[in-house]
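*Asks:* Okay, so the sequence shown: first residue is 10 according to my numbering, each after it adds one.
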Amino acid sequence: MNKLSDIGTIKDILSRHGFTFSKALGQNFLINPSVCPRMAELSGAGKGVGVIEIGPGIGVLTNELCRLADRVVAIELDKRLLPVLDETLAEYDNLRIVNDDVMKIDLHKLIDDEFKNMEVVVCANLPYYITSPVIMRLLEEKLPISAITVMVQKEAAQRICAEVGSRQSGAVTVSVNYYAQPEMLFNVSAGSFMPAPKVDSAVIRLNVLNEPPIEVNDEKKFFSVVKAAFSQRRKVIANSLSSGLLLDKKTVTEILEKSGVSANARAEMLTLVNFADIANNL
Ligand code: SAM
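1. How long is the line joining the alpha carbons of LEU250 and PRO153, rounded to whole angstroms?
2. What whole-angstrom Cβ distance do VAL197 and MET160 have, given they're in contact under 8 angstroms?
3. Under a Cβ-count criterion, where at least 16 other Cβ atoms within 10 Å of its own Cβ denotes burial, should PRO204 be classed as buried or exposed?
4. My output table needs one value for SER184: the three-state DSSP class, helix, strand or coil.
5. So, using beta-carbon positions, are VAL185 and SER141 closer together than 7 angstroms?
6. Report buried or exposed for ALA99, applying the criterion of at least 16 other Cβ atoms within 10 angstroms of its Cβ.
7. Report whether the distance from the Cβ of ASP122 to the nearest heavy atom of the ligand SAM is below 6 angstroms.
8. For THR280, I'd like the list of residues in its chain whose CB is within less than 8 angstroms of its CB, leaving aside the five on either flank, ordered along the chain.
9. Below 7 angstroms CB to CB, which residues in the same chain sit around MET193 once its five sequence neighbours on both sides are set aside?
10. Could you tell me which whole alpha helix (DSSP H) segments of length 4 or greater appear in the stretch 119-164?
11. Given ILE157, which residues of its chain have a CB within under 6 angstroms of its CB, disregarding the five upstream and five downstream residues?
12. Report the partner residues of GLN177 according to the DSSP bridge assignment.
13. When every heavy atom of the ligand SAM is checked, does at least one fall within less than 6 angstroms of the C-beta of ASN108?
14. Tell me, please, which residues DSSP counts as bridged to ARG80.
15. I need the boundaries of the alpha helix (DSSP H) containing GLU228, first residue and last residue.
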């Protein structure tokens with residue numbers, strides 16, 4: 010539908026369908042007409058590409074994705090939006106709307122069934138209450154996708170895109186960098202949404218790596234080290250690992266020494282290689 014990102018059109022559609030926003034489902038819909046075309050373009054949607062969208066809302070971003078990509082599958086949990094989407098996206102025959110929860114749906118099967126021989130990317134204005142779980146699910150499941158372009162709260166974007174080993178880094182920075190190369194694309198003001206959230210947002214792209222950038226013998230151990238290290242980020246690494254991994258201080262000090270990491274370092278100072286060495290020496 011043309012003019013779908015026009016505020017008047019959106020208000021008209023929502024009132025005709027008697028739609029009320031659900032805060033619990035993170036429903037802040039985009040009303041800034043310049044954001045969706047830019048986001049869709051930068052997501053890699055194009056000829057020969059299939060796109061998974063999470064939470065299409067009334068379909069503003071979906072509309073742009075359908076114009077560019079060969080096929081789009083949009084997963085929407087709120088079934089009240091299905092008749093709205095039927096109306097707003099009626100012109101596209103390269104689209105399927107799936108009424109499901111992105112945290113529960115079998116994404117490997119969805120990709121197998123829907124995107125034969127296509128490069129697959131994800132593009133979404135994520136519901137903020139599940140930003141990190143969704144991103145980590147997409148990465149941890151090792152799906153055959155090449156990029157994830159998502160709108161998230163600005164603070165989350167900065168954390169994810171921080172350099173590993175810098176003050177801004179956190180467990181999510183290290184975890185994401187194990188699977189992907191994150192990139193900050195552009196900022197989006199709170200006023201670009203209806204209803205306007207309290208904070209600004211940003212669009213980031215995670216370029217998914219074919220192989221992790223470090224050698225890790227046991228991924229479970231690696232991620233438990235990362236989690237323990239950042240669980241008490243003010244503490245020195247020897248203390249946070251000792252309490253987080255339930256190991257005595259002497260054992261931890263020995264592992265750190267073997268890994269070439271100072272017992273007094275803080276989690277935010279460690280590199281990916283440091284985390285891998287610690288996990289491999291556990
Ligand atoms: N894409 C639209 C836009 O940019 O205007 C809407 C984005 S809104 C921030 C998030 C959307 O995700 C809503 O449509 C909401 O109903 C949907 N949603 C929330 N939780 C979901 C879940 N677990 N699985 C799938 N969709 C979900």
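Glycine included, C-beta positions come from ideal geometry on N, C-alpha and C.
*Replies:* Once the coordinates are examined:
1. Answer to the nearest angstrom: the Cα atoms are 33 angstroms apart.
2. The distance from the Cβ of VAL197 to that of MET160 is about 6 angstroms, consistent with a contact at the 8 angstroms cut-off.
3. The residue in question, PRO204, is exposed, as its Cβ has fewer than 16 Cβ neighbours within 10 Å.
4. DSSP, read as helix, strand or coil, puts SER184 in helix.
5. Their beta carbons are not under 7 angstroms apart, which means VAL185 does not touch SER141 by this criterion.
6. Label assigned to ALA99: exposed.
7. In terms of side-chain proximity, the C-beta atom of ASP122 is found no nearer than 6 angstroms to any non-hydrogen atom of the ligand SAM.
8. Once the five neighbours on either side are set aside, the close Cβ partners of THR280 are VAL173, GLY174.
9. Cβ neighbours of MET193 beyond the five flanking positions: ALA166, CYS170, ALA211, ILE213.
10. As for any alpha helix (DSSP H) of minimum length 4 sitting wholly inside the stretch 119-164, the runs are 140-149, ordered along the chain.
11. By the criterion of a C-beta distance shorter than 6 angstroms, ILE157 is surrounded in its chain by VAL131, LEU147, LEU215, once the five residues flanking it on both sides are discounted.
12. Paired residues: none, contrary to the question.
13. For the ligand SAM, not one heavy atom lies less than 6 angstroms from the Cβ of ASN108.
14. GLY59, per the DSSP bridge assignment.
15. Residues 228-240.
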